[in-house]
Amino acid sequence: MQPFAPEKIRNVALVGHSGAGKTSLAEALLTEAGVIARPGRVEEGTTVCDAEPEEQARHMSLVVTLAPFEWKGHKINLLDTPGYADFEAETLAALGAADLAVFVVSAADGVEPQTRHLWKVAASMGLPRMVFVNKLDRDRSDFDGVLAELRDAFGAGVAPLELPIGAEGAFHGVADLLTDTAFLYDDGVHTSGPVPLEMADEEHEVHDNLVEGIVVGDDDMLERYLAGDVPSFEELERVLAVGVDQATVFPVVCGSATAVIGIDRLADLLCEIGPSPLDRPPVEVHAGDTVVSVPPDPTADPLALVVRATSDPFVGQVSLLRVLSGTVSTDTHLVDVRTGADLRLHGLFTHRGRDRVEVSSALAGDLVAVPKVETLAGDTLAPKGSPVVVPAPEWPEPVHAIAVAARSSADEDKLATALHRLVADDPSLRVRRDDETHQTLLAGQGETHLAVALDRLRRKFGVEVDASDVRIAYRETITAEARAEGKYKKQSGGHGQFGVAVVAVAPAARGEGITFVDEVVGGAIPRQFIPAVEKGVREALAEGGPHGFPVVDVVVRCLDGKHHPVDSSEMSFKAAGRLAVREAVAAASPVILEPVSRVEVTVPTASQGDVMGDLNARRARVQGTDLASEDETVITALVPGAELTRYAVDLRARTHGLGRFHAEHDHYDVLPAHLAAAVSTADTGAAG
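Position 260 (the sequence shown) corresponds to 266 in our numbering; numbering is contiguous.
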């Protein structure tokens with residue numbers, strides 16, 4: 007594949023709700039372009055874009071996949087994206103690399119929740135958008151109904167460029183509203199001609215509305231149109247392209263990916279009205295405190311953004327780059343601004359699923375893959391001595407976690423490295439060690455996301471793990487005062503061990519931790535042994551109270567004791583301190599403390615009542631509500647951490663995938679008595 011100039015490149019992300027047919031549409035486009043002989047099927051795991059075993063097993067896209075093809079002198083870089091909310095980070099990476107987002111909408115299912123959410127994301131990025139209404143050959147397909155939904159959801163800028171010819175099983179063509187031409191697809195034969203008589207009146211009416219909608223974007227053309235001068239197809243298309251690039255007009259086209267109807271028309275429009283890298287605003291990069299605009303100039307210094315980085319079992323890490331400026335060639339040297347590492351780019355290639363095609367160079371605006379360079383998604387690759395940074399995407403924060411433990415000693419040796427590589431591949435995963443529960447936690451966007459991560463851990467890195475629920479980091483405190491004596495005495499010939507410590511415990515204010523006060527007088531405990539008593543006290547409290555959880559917010563006073571001139575030692579007084587404080591805490595009415603998080607839940611306003619009812623059932627204390635937008639509400643609440651372990655999954659179910667939340671630890675509070683017994687029984691052994 008030869009290098010393409012920026013004006014001949016189209017970077018297109020296929021986005022939308024899971025099951026709308028994005029991958030099937032990519033297959034149809036590749037087939038029409040002659041890249042593959044016939045389209046594969048998602049259900050059979052034979053598509054180009056769903057090349058990962060985890061995708062084939064689940065019959066759904068899980069990662070962003072590049073699928074380039076040539077069409078009428080242009081290079082179209084298709085980016086097939088996941089439609090499932092758990093894998094939104096992949097879609098965000100694709101949107102950041104694209105110049106146009108094609109939203110694929112099922113004519114049978116309408117505008118679904120993830121489509122609405124991703125439309126808002128694309129709008130916030132100022133990204134041009136168009137819509138492909140798919141599956142018009144299916145039962146219950148309804149183009150007019152979907153078009154009305156699109157206008158209701160996304161505003162007056164939604165503009166149909168085509169109408170379907172026939173419905174459901176009789177769907178066999180599209181009417182082009184700009185040229186008043188019918189394109190028919192019967193028995194694999196493509197023909198064009200006049201619009202069928204039975205729909206001519208409707209087509210002409212929609213055509214006139216479309217023309218009026220286009221000409222208002224150009225003052226000169228509008229003046230001519232009002233004077234009776236009908237613009238030519240070329241003039242209308244030129245103004246339409248400007249509206250698309252400015253994200254004020256959102257064309258709607260239609261067809262069927264599996265029946266391969268209207269696919270060639272879509273490819274034509276991507277080239278004719280789709281923006282090239284030159285049409286988009288220059289990329290803003292940060293050079294220290296200065297912001298610099300960098301246009302896609304192939305003759306300038308090379309600058310690239312890492313769209314995605316993934317570990318390949320055969321060639322090591324593969325990084326997908328968008329060339330922002332200059333020309334990237336084999337043996338180009340760039341510096342990863344994040345790490346400062348000097349990277350030699352060799353073996354450049356473009357790929358479609360598993361297939362790779364070597365390329366010698368890639369010009370500004372193009373997408374290219376490079377093997378064996380250690381990068382992360384969002385990294386900036388710049389010339390040496392030019393430490394400019396392209397702002398990285400804001401990856402979604404994890405909302406669901408599991409605990410993982412190596413299944414064998416051999417797995418234990420590889421686990422830390424494998425988890426590091428897993429997180430490097432997926433920026434929306436996090437790994438951390440919880441020092442209180444002694445668990446290794448893997449956090450992501452949901453149950454499916456984490457299940458896929460574990461499958462990859464096994465397949466890519468050969469590590470088997472056992473997954474379990476995350477333990478809650480409970481603590482204990484006391485609600486009364488008590489005192490106790492700890493005596494440690496041991497005699498086994500020669501010098502023995504002897505130490506006695508008397509301590510009193512009292513509650514402290516929440517959050518004050520452990521305070522140790524020395525009140526020994528008269529030398530009952532020699533001064534040099536007081537630190538040993540304190541050490542024993544603190545160790546005992548950290549190891550857990552009667553319920554098995556660390557004890558906090560306690561004032562411990564060392565009141566008295568006894569010593570032996572020969573047998574007393576630091577070890578004996580440390581042991582005495584441990585014994586004394588454990589007995590005192592047990593007598594001071596101990597209670598369990600649970601972590602409480604401050605949670606902000608953003609939901610569709612229509613779901614507010616249902617979500618608040620669910621929060622109340624989770625023992626939440628709602629602090630207030632605010633309007634985030636005309637159709638979204640933010641609910642702020644204090645929620646016990648134990649009630650949030652599956653909240654991400656449940657919230658999506660209640661809000662049809664549109665709810666999201668952010669939680670931060672706020673404080674500890676007393677666990678209700680009716681729950682304490684079960685918690686103590688279930689977690690005492692694990693907490694130690």
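Built from N, CA and C at the ideal position, the CB exists for glycine as well.
Computed from a prediction, not measured in an experiment: that's the story for all the values here.
* Should the stretch 132-150 be regarded as contacting the stretch 256-271, the criterion being three or more beta carbon pairs within less than 8 Å? -> yes
* Which same chain residues, not among the five before or five after G630, have their C-beta less than 6 Å away from its C-beta? -> T642
* On the three-state DSSP scale, how would you describe K541? -> helix
* To do: Could you name the residues that DSSP lists as bridge partners for G199?
  => A188
* How big is the Cα-Cα spacing for A165 and A154? -> 11 Å
* Would you mind stating whether R489 and A459 have Cβ atoms separated by less than 8 Å? => no
* Secondary structure of A104, DSSP reduced to three states -> coil
* Cβ of V222 within 8 Å of Cβ of L216? -> no
* Does the distance from the CB of V379 to the CB of S325 come in under 8 Å? -> yes
* Check whether the stretch 606-614 touches the stretch 572-587, counting contact only when three or more Cβ pairs, one atom from each stretch, lie closer than 8 Å. => no
* Asked: Among the residues of its own chain, which have a CB less than 6 Å from the CB of F504, if the five just before and after it don't count?
  -> K495, H570, D573, S574 and S578
* **Nearest-angstrom beta carbon gap, R658 and A91 [assumed within contact, 8 Å]** => 6 Å
* To do: Please report how far the alpha carbon of V437 lies from the alpha carbon of H455, in whole angstroms.
  => 14 Å
* To do: Return the bridge partner residues of K495 from the DSSP annotation.
  => F504
* Could you give the C-beta distance for H352 and L72, rounded to a whole number, given that I count them as a contact under 8 Å? -> Contact doesn't hold; Cβ gap of about 19 Å is too wide.
* Going along the chain, which residues of its own chain have a beta-carbon closer than 8 Å to the beta-carbon of D632, five neighbours each way excluded? -> T639, V640 and T642
* Asked: What residues are listed by DSSP as bridge partners for L435?
  -> Per DSSP, none; premise fails for L435.
* State the DSSP-derived secondary structure class of G647, mapped to helix, strand or coil. => helix
* Asked: Helix or strand or just coil, what does DSSP make of Y674?
  -> strand
* To do: Let me know the secondary structure DSSP gives P170 once reduced to three states.
  => strand
* To do: Could you tell me which residues DSSP pairs with D318 in its beta bridges?
  => G322
* Is E58 helix, strand or coil by DSSP? -> coil
* Using a Cβ-Cβ cut-off of 8 Å (strictly less than) and excluding sequence neighbours within five positions of V363, which residues of its own chain qualify? -> M7, F355, T356 and H357
* May I have the straight-line CA-CA distance separating R47 from L276, to the nearest angstrom? => 24 Å
* T639 in three-state terms, based on DSSP -> strand
* Where A73 falls: helix, strand or coil (DSSP) -> strand
* Taking Cβ to Cβ, would you say I520 is nearer than 8 Å to F555? -> no
* State the start and end residues of the unbroken beta strand (DSSP E) segment that holds T338. => T338 to D342
* To do: Determine the DSSP secondary structure at D372, reduced to helix, strand or coil.
  => coil
* Smallest Cα separation from V703: which of V291, A683 and A383? -> Residue 703 lies beyond the residue range present for the chain, which begins at 7 and ends at 694; the question has no answer from this structure.
* Output the distance between the C-alpha atoms of P12 and P170, rounded to the nearest integer angstrom. => 33 Å
* Using CA coordinates, which residue listed in A26, D86 and A43 is at the minimum distance from S147? -> A26
* N-terminal and C-terminal residue of the beta strand (DSSP E) that G151 is part of -> Careful: G151 lies outside any beta strand (DSSP E), inside the alpha helix (DSSP H) at F149 to F160.
* Starting from S30, follow the alpha helix (DSSP H) in both directions and report where the run begins and ends. => K28 to E38
* Test item: CB-CB of F3 and L68 under 8 Å -> Coverage of the chain is limited to positions 7 through 694, which leaves residue 3 absent and any answer about it impossible.
* Asked: Buried or exposed: A692, going by 16 or more other Cβ atoms within 10 Å of its Cβ?
  -> Because A692 sits at a pLDDT of 42, beneath the cut-off of 50, its placement in the model cannot be relied upon, and the following sentence gives the value as read from the coordinates. It is exposed - the Cβ of A692 has fewer than 16 other Cβ atoms within 10 Å.
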